[in-house]
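This report concerns only the one structure given below.
In this note's numbering, the protein residues as written are 2 to 361.
Okay, structure coming up:
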């Protein structure tokens, strides 16, 4: 009992010491810093940096040997002033002390890559970001094992995640993400996942404009676990020696990727059938809009996952795995604020009505 009490005492002490710093480059929004890097430089291990949405872009930043949580408002915040926090230059995570860092609710432009620069950076969380026309590069110098990465609730618009055969990628989870691909700009979303252990793609939506565009780069993504996904006009054939379970394909150049390249049919896969999402027509036409309704009420993907849920994106009633909430960060937010009595006599009370919401 004394040991348990000591544990909780240490935990409470740690939480009390952690600081939250705010950033805004919009003069209309009050914050402690106007530049993200300045807030990071002032932060210590375990601190959080909240980046306000803004009509202006932010410069990129480097996190060096600090475990931080960087939180933006989300890629389409559901509130009266829905500004996003857009980063227009490189984001770099460097030094093994960066292990445990979380990047949440940011939008990157076509000039903003995300780079894992040092071997030994593990347990990184990318949550509810919008990656546009660029990549998350997990290619530090050296060789070794990289483990414990979570990609959840992200929207990849021609965005990529790349690594290479110098590393063993272990215990990676990609869940509840959209991977969209436009024919003009790239041909794959995942590359260099050559040596993998327990790398899971679960409940994602892959779609695009042409059924010939590959999700995985040419035969260098191996030993993956691919479950409960929807593939519309996106070809998963380039996966090698990977196990497919309870996925559905529609209008791809190869509707049975589980039969190619030594892949394994784990059962429950549905080939060449319409998933029947509510917004299926828009998905079929290649509309890159993450606010579409991807729910499923009937058809071959309905309640057909390994977990008894619909294939594709999750809309769980409780918890963080609800695509309808992925547009927002997981922080509570002010949805609307109104001044009840805008004309106030000197010394009188001003009344303000505030409505706040959370998105798990």
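Cβ atoms here follow ideal geometry from the backbone N, Cα and C, with glycine treated the same way. For clarity, every value in this text was computed on a predicted model and none was experimentally measured.
At the level of alpha carbons, what is the spacing between residue i and residue j?
i: residue 218; j: residue 52; result: 34 Å
i: residue 15; j: residue 69; result: With a pLDDT of 39 at residue 15, under the threshold of 50, the predicted position of this residue should be treated as unreliable, though the coordinate-derived value follows. Answer to the nearest angstrom: the Cα atoms are 14 Å apart.
i: residue 153; j: residue 191; result: 15 Å
i: residue 91; j: residue 116; result: 8 Å
i: residue 30; j: residue 23; result: 10 Å
i: residue 250; j: residue 58; result: 38 Å
i: residue 229; j: residue 313; result: 6 Å
i: residue 150; j: residue 26; result: 30 Å
i: residue 1; j: residue 42; result: In the structure displayed, the chain extends from 2 to 361; residue 1 sits before or after that span and is not available.
i: residue 334; j: residue 220; result: Residue placement at residue 334 is flagged as unreliable, the pLDDT there being 47, under the threshold of 50; the coordinate-derived value follows with that caveat. Distance between the alpha carbons of residue 334 and residue 220 is about 44 Å.
i: residue 184; j: residue 262; result: 24 Å
i: residue 344; j: residue 350; result: 10 Å
i: residue 74; j: residue 49; result: 14 Å
i: residue 89; j: residue 318; result: 34 Å
i: residue 188; j: residue 237; result: 12 Å
i: residue 298; j: residue 205; result: 17 Å
i: residue 38; j: residue 105; result: 16 Å
i: residue 214; j: residue 255; result: 11 Å
i: residue 55; j: residue 160; result: 22 Å
i: residue 273; j: residue 300; result: 13 Å
i: residue 93; j: residue 67; result: 12 Å
i: residue 20; j: residue 33; result: 12 Å
i: residue 40; j: residue 194; result: 34 Å
i: residue 348; j: residue 44; result: 39 Å
i: residue 114; j: residue 303; result: 36 Å
i: residue 239; j: residue 47; result: 40 Å
i: residue 203; j: residue 324; result: 13 Å
i: residue 143; j: residue 286; result: 43 Å
With a threshold of 6 Å on Cβ separation, who are the neighbours of residue i within its own chain once the five nearest residues in sequence on each side are excluded?
i: residue 158; result: 133, 181 and 289
i: residue 131; result: 76, 108 and 156
i: residue 207; result: 180, 216, 232 and 235
i: residue 121; result: 97
i: residue 322; result: 177 and 315
i: residue 201; result: 174 and 226
i: residue 293; result: 280 and 283
i: residue 71; result: 50 and 104
Just tell me which of the options has its CA closest to the CA of residue i.
i: residue 311; options: 347, 270, 283 and 330; result: 270
i: residue 252; options: 198, 212 and 83; result: 212
i: residue 265; options: 248, 85, 275 and 277; result: 248
i: residue 35; options: 223, 61 and 347; result: 61
i: residue 307; options: 112, 273, 267 and 320; result: 267
i: residue 135; options: 143, 127, 32 and 163; result: 163
i: residue 209; options: 291, 320 and 302; result: 291
i: residue 259; options: 223, 143 and 28; result: 223
i: residue 328; options: 47, 83 and 110; result: 83
Based on DSSP bridge pairs, tell me the residues matched to residue i.
i: residue 223; result: 241
i: residue 175; result: 152 and 202
i: residue 163; result: 138 and 192
i: residue 105; result: 72 and 128
i: residue 168; result: 145
i: residue 312; result: Paired residue(s): none; residue 312 is not in a bridge.
i: residue 234; result: Answer is none; residue 234 lacks a bridge partner.
i: residue 34; result: 24
i: residue 1; result: Absent from the model: residue 1. The displayed extent of the chain is 2 to 361, so no value can be given.
i: residue 228; result: 203 and 246
i: residue 323; result: 316
i: residue 266; result: 245
i: residue 133; result: 158
i: residue 209; result: 182
i: residue 251; result: 233
i: residue 217; result: 191
i: residue 271; result: 249
With residue i and residue j assumed to form a contact (beta carbons below 8 Å), what rounded beta-carbon distance in angstroms separates them?
i: residue 168; j: residue 137; result: About 14 Å; that fails the 8 Å criterion.
i: residue 296; j: residue 279; result: 5 Å
i: residue 124; j: residue 140; result: Residue 124 to residue 140, Cβ: 18 Å. No contact.
i: residue 196; j: residue 243; result: Not quite, the Cβ-Cβ distance comes to about 13 Å (not below 8 Å), so this is no contact.
i: residue 64; j: residue 112; result: Their Cβ separation, rounded to whole angstroms, is 19 Å, which puts residue 64 and residue 112 out of contact at 8 Å.
i: residue 129; j: residue 330; result: 6 Å
Given residue i, which residues of its chain have a CB within under 8 Å of its CB, disregarding the five upstream and five downstream residues?
i: residue 1; result: Since the first residue shown for the chain is 2 and the last is 361, residue 1 is missing from the structure and cannot be characterised.
i: residue 305; result: 247, 249, 269, 271, 311 and 312
i: residue 86; result: 52, 53, 54, 55, 59, 73, 74, 106, 107 and 108
i: residue 245; result: 227, 228, 237, 258, 259, 264, 265, 266, 267 and 270
i: residue 110; result: 58, 87, 88, 89, 133, 134 and 135
I'd like the list of long-range same chain contacts for residue i, defined as Cβ closer than 7 Å, with 5 residues on each side in sequence excluded.
i: residue 281; result: 275
i: residue 362; result: Residue 362 lies beyond the range of the chain shown here (2 to 361); nothing can be said about it.
Using a Cβ-Cβ distance under 8 Å, would residue i count as near chain C?
i: residue 116; result: This model lacks chain C altogether; it includes just one protein chain.
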